[in-house]
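S.K.:
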Amino acid sequence: MNAAPSLVMETIVGLLVIASGILSFVGAIGLLRLPTFFQRMHPPALASTLATWAAALATIAYFSAIGSRLALYPWLIVVLAAITAPITTSLLARAALFRVRAAGGDAPPPIVTES
Amino acid sequence: MSAFLTHALDAALALYALAMAGALLRMLRGPTAQDRVLALDFITVNGMLAMLTLGVRYASTMYFVTALIVALFGFVASAALAKFLLRGEVIE
Chain H
145 MNAAPSLVME TIVGLLVIAS GILSFVGAIG LLRLPTFFQR MHPPALASTL
195 ATWAAALATI AYFSAIGSRL ALYPWLIVVL AAITAPITTS LLARAALFRV
245 RAAGGDAPPP IVTES
Chain V
2 MSAFLTHALD AALALYALAM AGALLRMLRG PTAQDRVLAL DFITVNGMLA
52 MLTLGVRYAS TMYFVTALIV ALFGFVASAA LAKFLLRGEV IE
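Protein sequences, first through last, are from chains H and V.
When we follow the working numbering, the leftmost residue of the first sequence carries the number 145, and every step to the right adds one.
When we follow the working numbering, the leftmost residue of the second sequence carries the number 2, and every step to the right adds one.
1. Verify the contact flag: H:L160, CB atom, against every heavy atom of the ligand MG, threshold strictly below 6 Å.
2. Out of V:F5, V:T67 and V:S79, which has the shortest C-alpha to C-alpha gap to H:V157?
3. Residues in the stretch 32-46 of chain V with C-beta within 7 Å of chain H's C-beta atoms, listed in sequence order?
4. If the criterion is Cβ atoms closer than 7 Å, does the pair V:V57 and H:Y206 meet it?
5. Is the distance from the Cβ of V:M49 to the Cβ of V:R37 below 7 Å?
6. Starting from the beta carbon of V:L10, find every residue of chain H whose beta carbon is closer than 8 Å, and list them in chain order.
7. Who are the Cβ neighbours of H:L194 in its own chain at under 7 Å, not counting the five residues just before and after it?
8. Within the same chain, show all residues whose beta-carbon is closer than 7 Å to that of V:I71, passing over the 5 residues directly before and after it, in chain order.
9. Tell me whether H:P187 sits in a helix, a strand or coil according to DSSP, three-state version.
10. How many Å lie between H:N152 and H:V256 at the Cα?
11. Does the separation of the CB atoms of H:L235 and V:A80 fall below 7 Å?
12. Roughly how many whole angstroms lie between the Cα atoms of H:I227 and V:F43?
13. Does any residue of chain H bring its CB to less than 7 Å from the CB of V:V71?
14. Throw me the rounded Cβ distance for the V:L86 and H:R243 pair, which I believe falls under 8 Å.
15. Is there a C-beta anywhere in chain V that falls below 7 Å from the one on H:P188?
16. Measure the alpha-carbon distance for V:S3 versus H:P149 and round it to whole angstroms.
17. Give the interface partners of V:G56 over in chain H, defined as CB-CB distance under 9 Å, in chain order.
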């Protein structure tokens, strides 16, 4: 434990962490700006997939570097997110469909193709 | 720890905080209840990511356990809220 990681490894960790932050921020922008709920369901998946992968990879790289052995346990979070995110999303989509139809609306909205 | 890594971790934490603030805005404004649940789920995911980043920042394994617990409780909360929106009760 506590071996100083090389500068290359620290740069890789830093780039991965920044990528994770930017991806999560892009997800938040999408959550704020998209017009309908069924479109807004998509951007948060960016945070629970790509941003989580980048952060877990950064954690794996950093703890492997300072511990001088492969530390794969942060990948557990990725597995957990891969199991839980689709369940939450499909439950929410079903709830939204039910609520829109119960209110007399037409859901899902027709597909809009932008040219 | 090099200066680049320190600044990168701080920048990532700031970006997570901004993302959480945006989701909080959506949660306060959100026209329907499912928007608020979606924003809350996004906030818990961001909290989990911030815990992972803090673990690298302070080179401590304890933050990983916190991240795992935050992810688990976030899933339970979101699933229960979505089930409540669907049925009007959580356990039937």
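Positions of the beta carbon are idealized from the N, C-alpha and C atoms, including for glycine.
M.R.: Inspection of the coordinates gives the following:
1. This structure simply doesn't include the ligand MG, nor any ligand for that matter.
2. The count along the first sequence starts at 1 and reaches residue 157 of chain H at position 13. Nearest of V:F5, V:T67 and V:S79 to H:V157, Cα basis: V:F5.
3. T33, Q35, D36, V38, L39, A40, D42, F43 and V46
4. Indexing the second sequence from 1 puts residue 57 of chain V at position 56. Indexing the first sequence from 1 puts residue 206 of chain H at position 62. Going by C-beta atoms, V:V57 is nearer than 7 Å to H:Y206.
5. Along the second sequence, one-based indexing puts residue 49 of chain V at 48. Along the second sequence, one-based indexing puts residue 37 of chain V at 36. Their beta carbons are not under 7 Å apart, which means V:M49 does not touch V:R37 by this criterion.
6. Position 9 of the second sequence, counted from the start, is the residue given in the question as residue 10 of chain V. Chain H residues near V:L10: G158 and V161.
7. For the purposes of this step, residue 194 of chain H is taken as residue 50 along the first sequence, with counting starting at 1. Contacts found: L167.
8. Position 70 of the second sequence, counted from the first residue, corresponds to residue 71 of chain V. According to the sequence shown, residue 71 of chain V is Val rather than Ile. Cβ neighbours of V:V71 beyond the five flanking positions: T45, G48, M49 and M52.
9. Within the first sequence, residue 187 of chain H is the residue found at index 43, counting from 1. Three-state result, H:P187: coil.
10. Numbered from its first residue, the first sequence carries residue 152 of chain H at position 8. Numbered from its first residue, the first sequence carries residue 256 of chain H at position 112. The identity of residue 152 of chain H in the sequence shown is Val, whereas the question assumes Asn. Their backbone Cα atoms lie some 46 Å apart in a straight line.
11. The sequence position of residue 235 of chain H within the first sequence is 91, counting from 1. The sequence position of residue 80 of chain V within the second sequence is 79, counting from 1. Going by C-beta atoms, H:L235 is nearer than 7 Å to V:A80.
12. As a first step, residue 227 of chain H is located in the first sequence; it is residue number 83 there, counting from the start. As a first step, residue 43 of chain V is located in the second sequence; it is residue number 42 there, counting from the start. Whole-angstrom Cα-Cα distance: 16 Å.
13. Residue numbering aside, residue 71 of chain V sits at position 70 when the second sequence is read from its first letter. By this cut-off, V:V71 is not an interface position.
14. Numbered from 1 along the second sequence, position 85 holds the residue referred to as residue 86 of chain V. Numbered from 1 along the first sequence, position 99 holds the residue referred to as residue 243 of chain H. The pair is a contact, with the Cβ atoms about 6 Å apart (cut-off 8 Å).
15. Taking the first sequence and counting its residues from 1, one reaches residue 188 of chain H at position 44. Yes, H:P188 lies at the interface with chain V (some Cβ there is under 7 Å from its Cβ).
16. The residue labelled residue 3 of chain V in the question sits at position 2 within the second sequence. The residue labelled residue 149 of chain H in the question sits at position 5 within the first sequence. Cα to Cα, the separation comes out at about 9 Å.
17. Along the second sequence, one-based indexing puts residue 56 of chain V at 55. Chain H residues near V:G56: T203, Y206, F207 and P218.
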